[in-house]
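Letter by letter, the sequence shown follows residues 72 to 311 in my numbering.
I have placed the structure first, in the form of C-alpha cells, so that the comments after it can refer back to it.
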Amino acid sequence: MNYPQQRILIIGGTSGMGLAAARSLGQLGAEVMLAGRSQAHLDAALASIEGRAAGYVADFSDPASLAALFERVGRIDHLVLAASANPAWGPFASTPASALRAALEGKLIGYWQSLQAALPHLRRDGSVVMLTGAASRTAMPGTAGLAAVNGAITQMAQTLAKELAPLRVNVVSPGLVDTPAYDGLPAPAKAGMFDAAAASLPVGRTGTSEDVAQAIVYMIGNGFTTGAVLDVDGGARMAA
Ligand SMILES: NC(=O)c1ccc[n+]([C@@H]2O[C@H](COP(=O)([O-])OP(=O)(O)OC[C@H]3O[C@@H](n4cnc5c(N)ncnc54)[C@H](OP(=O)(O)O)[C@@H]3O)[C@@H](O)[C@H]2O)c1
Numbered sequence: 072m073n074y075p076q077q078r079i080l081i082i083g084g085t086s087g088m089g090l091a092a093a094r095s096l097g098q099l100g101a102e103v104m105l106a107g108r109s110q111a112h113l114d115a116a117l118a119s120i121e122g123r124a125a126g127y128v129a130d131f132s133d134p135a136s137l138a139a140l141f142e143r144v145g146r147i148d149h150l151v152l153a154a155s156a157n158p159a160w161g162p163f164a165s166t167p168a169s170a171l172r173a174a175l176e177g178k179l180i181g182y183w184q185s186l187q188a189a190l191p192h193l194r195r196d197g198s199v200v201m202l203t204g205a206a207s208r209t210a211m212p213g214t215a216g217l218a219a220v221n222g223a224i225t226q227m228a229q230t231l232a233k234e235l236a237p238l239r240v241n242v243v244s245p246g247l248v249d250t251p252a253y254d255g256l257p258a259p260a261k262a263g264m265f266d267a268a269a270a271s272l273p274v275g276r277t278g279t280s281e282d283v284a285q286a287i288v289y290m291i292g293n294g295f296t297t298g299a300v301l302d303v304d305g306g307a308r309m310a311a
C-alpha cells in the first residue's frame with residue numbers, strides 16, 4: 072500500500088491503541104486524522120505523532136457531532152473505530168441492564184452511526200477496521216457485557232464486509248492491553264489484574280498498544296483481507 076496517499080480517520084485516536092495506530096501510520100507517511108471528545112487529549116496526541124496529522128473534536132454517540140466531523144474531514148480512504156466508553160464489566164447477576172445499555176451506546180451504537188456517517192465520504196474500495204475485544208471470542212466469567220457488545224460488532228462487521236463491498240470491513244480483537252482505559256483503577260488492583268492475566272496467557276505477558284497497532288496497520292494495508300477477525304490477545308482464547 073502506498074501509505075502517503077492514504078487519508079485515515081481514527082475515531083478514538085487520542086489514546087491507547089487508536090493513538091498507537093496513528094503514530095505507526097504517521098511514520099509510514101499516511102495522513103492521519105484523529106477524533107475524540109476532548110481538545111486537550113487531541114492536543115497531547117497530535118504532539119506525539121510524526122508526520123501529517125490533524126485533530127477534530129467529535130462525540131460518536133451524537134449524530135450531529137458526527138455529521139459536523141465528516142463535513143470538516145472530507146474524503147477519507149480508511150476509517151478506524153477505536154473508541155469506547157462505559158464498558159459493562161462485572162458478574163452477570165449483578166450487572167443491571169442499564170449498564171449494558173450504556174455500554175451499547177458507548178461502543179456498538181457509536182460504531183454503527185460513525186460508519187453510517189462516514190459512508191458518503193469513504194472511498195468505495197477503502198477499508199474499515201473495528202476494535203472489538205477478546206471477551207467476545209472466549210468464555211470469561213465476569214465479561215458477559217463485554218462479550219455482548221463486542222460480539223455484536225464482530226457479527227455486524229462480517230455482514231457489512233459483504234453488504235458494503237468492495238469496501239473492506241475487518242475486526243481486530245485485542246486481549247488485555249495496558250492503556251489509559253485502566254487509569255481509574257487503584258494501582259494494586261490494576262497490577263493484580265495484569266499480573267494474573269499475564270500468568271494465564273501462553274505468551275506470558277499482557278499486550279501493548281503497539282501490538283494492536285501492528286494489526287490495525289495490517290488490516291488497512293492488506294487489500295485481500297475482508298470480513299476477518301484478527302485476534303491480538305496473547306492466546307487468551309486458549310488460556311484456562
Ligand atoms: N485496553 C484493553 O485492555 C482493551 C481490551 C479489549 C478491547 N479493547 C477495546 O479497544 C478499543 C481501544 O481501547 P483503549 O484501551 O485503547 O481505549 P482508551 O485508551 O480508553 O481510549 C479510548 C479513546 O476513545 C475516545 N472516545 C471515548 N468515547 C468517545 C466518544 N463518545 N466519541 C469519540 N471518541 C471517544 C477517547 O477520547 P476522549 O476521551 O477524548 O473522547 C480515546 O481516544 C476500545 O474499543 C476498547 O473497548 C480494549
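We treat Cβ as the ideally placed atom computed from N, Cα and C, and that holds for glycine.
Problem set entry | Contact belief for G107 with A174 at Cβ below 8 Å, rounded distance in angstroms | Sequence index remark: in the sequence shown, residue 107 carries index 36 (1-based). Sequence index remark: in the sequence shown, residue 174 carries index 103 (1-based). Not confirmed; about 18 Å, so no contact.
Exercise. With burial defined as no fewer than 16 other Cβ atoms inside 10 Å of the residue's Cβ, what is the status of A93: buried or exposed?
Worked result: Indexing the sequence shown from 1 puts residue 93 at position 22. So A93 ends up on the buried side.
Exercise. Is V103 closer than 9 Å to G83 when the C-beta atoms are compared?
Worked result: In the sequence shown, counting from the first residue as 1, residue 83 sits at position 12. In the sequence shown, counting from the first residue as 1, residue 103 sits at position 32. No, they are not a contact pair.
Problem set entry | Opposing strand residues paired with M201 [DSSP bridges] | Counting from 1 along the sequence shown, the entry for residue 201 is found at position 130. Answer is L152 and V242, bridged to M201.
For this session: Per DSSP, which residues does D315 bridge with? Please list them.
Result: No answer is possible for residue 315: the residues shown for the chain start at 72 and end at 311.
For this session: Taking 9 Å as the cut-off, decide whether the C-beta atoms of S95 and A252 are in contact.
Result: As a position in the sequence shown, residue 95 is number 24, starting the count at 1. As a position in the sequence shown, residue 252 is number 181, starting the count at 1. Cβ atoms of S95 and A252: not closer than 9 Å.
Exercise. In its own chain, which residues sit with a C-beta less than 6 Å from the C-beta of F124, not counting the 5 before and 5 after it?
Worked result: By 1-based counting over the sequence shown, the position of residue 124 is 53. Looking at the sequence shown, residue 124 is not Phe but Ala. Excluding residues within five positions, the ones whose Cβ falls inside 6 Å are G97, V103 and L117.
Exercise. Identify the residues that DSSP records as bridge partners of V128: which are they?
Worked result: Counting from one through the sequence shown, the residue named residue 128 turns up at place 57. G107.
Problem set entry | Distance CB(H112)-CB(S132) smaller than 9 Å | Counting from one through the sequence shown, the residue named residue 112 turns up at place 41. Counting from one through the sequence shown, the residue named residue 132 turns up at place 61. No, Cβ-Cβ distance for H112 and S132 is not below 9 Å.
For this session: Apply the 10 Å Cβ neighbour rule to M201 and answer buried if 16 or more other Cβ atoms are within range, or exposed otherwise.
Result: Numbered from 1 along the sequence shown, position 130 holds the residue referred to as residue 201. The residue is buried, with at least 16 neighbouring Cβ atoms inside 10 Å.
For this session: Please say whether L186 and L231 have beta carbons closer to each other than 9 Å?
Result: The residue given as residue 231 occupies position 160 in the sequence shown. The residue given as residue 186 occupies position 115 in the sequence shown. Their beta carbons are under 9 Å apart, which means L231 touches L186 by this criterion.
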